[in-house]
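Each remark here refers to the structure printed beneath this line.
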Amino acid sequence: MRIYSVDAEYGPSSDAYVERMAPFSYAGFPGNAPARLLVPPKSRKIIFAPGDNGSLVSLEYTDSKAIEIRNTFLYGNLPSPYVQRIASTPTDVFYTLNTSSNTLQRWSLNSETGALALKNSGNYPFGVACSPLSLRYDRKNESIAVLTGYAGTRGISFLKSQGDSLIPISPNFDFGTLTSNDNLCIHPERNFFYSTISTFPNTIKAFQYSMDGAITEVSGSPFAPDTTASGLATGLQMTTNMVIDPDGKYLAIAYVAGSNRYLSLLAINRETGALSETGSKYSVGNSPSNLHWDKSGQFIYLTSDTGGSTNNYQLEYFKVMSDGSITRGVNSPITINPMSPAIGIANIESINPNFYLRYAP
């Protein structure tokens, strides 16, 4: 794990980080292939789940710039069960667990100590459809959104939190053949959501929803990042290629156009949910993945590789201006490590004023 300091004007620099590597042992870091990473709101706690077992780990980035383990839980033997997606409030952690049937689990998070405790009361664990691609907590409606990609049960389900129970609001609303990406975007203030389908260039589907179960497609949907878009990078662990800024003004998407790769910014109409091109478009490296908009709203991050003779994994970042334009960060790209031996970058998360980078073999 690397933690980069971020300057509010210039972003991260290649020499400003804290690093903790771990041996391939569950008693060490613990866990191999950490595929899920989460920083709860207004917190220095770090929750992560290895991709190859059922561990859930609570860490904390301390004032002394150390990464300390608070709790570790191991559910079973390899290779199943394993945590697929995680989301949280300041006091609860939710995740989808792959067992003989997929379930949504809940743990309480002590905001002071970082301790985790199983909180599967009421109708938790809650059964969900196969192949969860995305899990989001919708704070404005106190609901959980689960996006699943398995044919026959694919679609989005909104689950209203009501005491110790979840109330299905719109179970498995099917809106097409989804891409294999963690691309569900819930608008932070309005009842709009966005995701990607495997049709190009018009790959972004947009919907308006309500807590009475109604879901309607936004006029003009599906939208295109540009007319040349031909695909999305699948990357590691069903990576994220699309995000919304914390204020809900813009949507960023990393995509492929023939032999080229781009990051593009689209404006969100806050009344209708429709998307429109802003003209902000930048070339990026190979396999753009792990797209992340930091909590300050000032920087967009992604990971890519250089390929060719250099073969390096790298971090690219862009500063977002007040008019919606983006400029490449002054230190971007930052080389992370060689592609051989293969230490791929699994996740990016941020906590103001620091930026978190998670990478795994």
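Going by numbering that gives the first Met the number 0, the sequence shown opens with residue 0, and the numbers climb by one from there.
The C-beta atom is built at its ideal place from N, Cα and C for all residues, glycine as well.
Predicted model, so just to flag it, every value in this text is computed and none were measured.
- In angstroms, rounded to a whole number, what distance separates the CA positions of residue 11 and residue 257? One C-alpha to the other measures close to 31 Å.
- Item | Three-state class that DSSP yields for residue 122 in the structure shown | In this structure, residue 122 counts as coil in the three-state DSSP scheme.
- Task: For residue 177, I'd like the list of residues in its chain whose CB is within less than 8 Å of its CB, leaving aside the five on either flank, ordered along the chain.
- Result: If we look at residue 177 and ignore the five residues flanking it on each side, its Cβ neighbours are 132, 146, 148, 153, 194, 195, 196, 197.
- For residue 293, count neighbouring Cβ atoms within 10 angstroms of its own Cβ and tell me buried if that reaches 16, exposed if not. When all chains shown are included, residue 293 counts as buried.
- Task: Note down the Cα distance separating residue 205 from residue 165, rounded to an integer number of angstroms.
- Result: Going by the C-alpha atoms only, they are around 25 Å apart.
- Among residues of its own chain, excluding the 5 on either side of residue 200, which ones have a beta-carbon nearer than 6 Å to its beta-carbon? Close CB contacts of residue 200 within its chain, under the 6 Å cut and outside five residues either way in sequence, are with 223, 226, 228 (chain order).
- Query: Where does the unbroken beta strand (DSSP E) through residue 154 begin, and where does it stop?
  - Reply: Run containing residue 154: 154 to 161, per the beta strand (DSSP E) assignment.
- Message: Less than 8 Å between the beta carbons of residue 268 and residue 36, yes or no?
- Response: Not a contact, by the Cβ cut-off of 8 Å.
- Task: Indicate whether residue 110 and residue 90 have their beta-carbon atoms separated by less than 8 Å.
- Result: Pairing residue 110 with residue 90 gives a Cβ-Cβ distance under 8 Å.
- What whole-angstrom Cβ distance do residue 70 and residue 103 have, given they're in contact under 8 Å? Your pair residue 70 and residue 103 does not check out as a contact, with CB atoms roughly 20 Å apart and the cut at 8 Å.
- Item | Top-ranked residue by Cα proximity to residue 250, from 143, 273, 85 | For residue 250, the nearest C-alpha among the options comes from 273.
- Message: For residue 130 and residue 344, what's the separation of their Cα atoms in angstroms?
- Response: Their backbone Cα atoms lie some 22 Å apart in a straight line.
- Message: Helix, strand or coil for residue 136? Go by DSSP, reduced to three states.
- Response: Here residue 136 carries a strand assignment [DSSP, helix/strand/coil].
- Item | Where residue 83 falls: helix, strand or coil (DSSP) | In this structure, residue 83 counts as strand in the three-state DSSP scheme.
- Status (buried if at least 16 other CB within 10 Å, exposed otherwise) for residue 241: Counting the other Cβ atoms within 10 Å of the Cβ of residue 241 gives 16 or more, which makes it buried.
- Query: Does the Cβ of residue 6 have 16 or more other Cβ atoms within 10 Å, making it buried, or fewer, making it exposed?
  - Reply: With fewer than 16 Cβ atoms within 10 Å of its Cβ, residue 6 is classed as exposed.
- Query: Is the Cβ-Cβ distance between residue 128 and residue 180 less than 8 Å?
  - Reply: Their beta carbons are not under 8 Å apart, which means residue 128 does not touch residue 180 by this criterion.
- Task: Specify the secondary structure class of residue 329 as computed by DSSP and reduced to three states.
- Result: In this structure, residue 329 counts as coil in the three-state DSSP scheme.
- Query: beta strand (DSSP E) containing residue 209: first to last residue?
  - Reply: Going by DSSP, residue 209 is part of no beta strand (DSSP E) at all; its letter is neither H nor E.
- State the DSSP-derived secondary structure class of residue 116, mapped to helix, strand or coil. Here residue 116 sits in strand by DSSP.
- Item | Whole-Å CB distance - residue 239 paired with residue 221, under 8 Å assumed | Rounded, the Cβ-Cβ distance is 19 Å, inconsistent with contact.
- Rounded to the nearest angstrom, how far is the Cβ of residue 283 from that of residue 262, given a contact under 8 Å? Indeed they touch by this definition, with Cβ atoms about 5 Å apart.
- Query: Can you check whether the CB of residue 252 is closer than 8 Å to the CB of residue 187?
  - Reply: In this structure, residue 252 does not lie closer than 8 Å to residue 187 by Cβ.
- C-alpha distance - residue 325 paired with residue 122, whole-angstrom precision: Going by the C-alpha atoms only, they are around 45 Å apart.
- Task: Quick one: measure Cβ to Cβ for residue 185 and residue 135, integer angstroms, because I've assumed they're closer than 8 Å.
- Result: With a beta-carbon spacing of about 5 Å, residue 185 and residue 135 fall inside the 8 Å limit used to define contacts.
- Query: Leaving out five residues before and five after residue 175 in sequence, what residues of the same chain have Cβ atoms less than 6 Å from its Cβ?
  - Reply: Excluding sequence neighbours, residue 175 sits near 196.
- Task: Compute the Euclidean distance between the alpha carbons of residue 156 and residue 320, then round it to the nearest angstrom.
- Result: Residue 156 and residue 320: Cα-Cα distance of roughly 35 Å.
- Query: Expressed to the nearest angstrom, what Euclidean distance is found between the alpha-carbon atoms of residue 279 and residue 162?
  - Reply: A straight-line Cα-Cα distance of about 44 Å links residue 279 and residue 162.
- Terminal residues of the beta strand (DSSP E) in which residue 38 lies: Neither: residue 38 is in no beta strand (DSSP E) and is coded neither H nor E.
- Message: I believe residue 113 touches residue 189 by the beta-carbon criterion, under 8 Å. Please report the beta-carbon distance rounded to the nearest angstrom.
- Response: The Cβ separation is near 33 Å, so there is no contact.
- Through-space distance from residue 45 to residue 333, alpha-carbon basis: Straight-line Cα distance between these residues: approximately 23 Å.
- Message: Only counting the same chain, and skipping five residues up and downstream in sequence, which positions put a Cβ closer than 6 Å to that of residue 232?
- Response: Same-chain partners within the cutoff: 286, 287, 288.
- Message: By the DSSP assignment, the beta strand (DSSP E) with residue 346 in it spans what residues?
- Response: 343 to 350 is the extent of the beta strand (DSSP E) around residue 346.
- In the DSSP assignment, what residue or residues form a beta bridge with residue 172? Partner residues in the beta bridge of residue 172, as assigned by DSSP, are 155.
- Exposure of residue 328, with buried meaning 16 or more beta-carbon neighbours within 10 Å: The residue is buried, with at least 16 neighbouring Cβ atoms inside 10 Å.
- Query: If we count the other Cβ atoms within 10 Å of its Cβ and call it buried at 16 or more, is residue 215 buried or exposed?
  - Reply: Looking at its Cβ environment, which holds fewer than 16 other Cβ atoms inside 10 Å, residue 215 is exposed.
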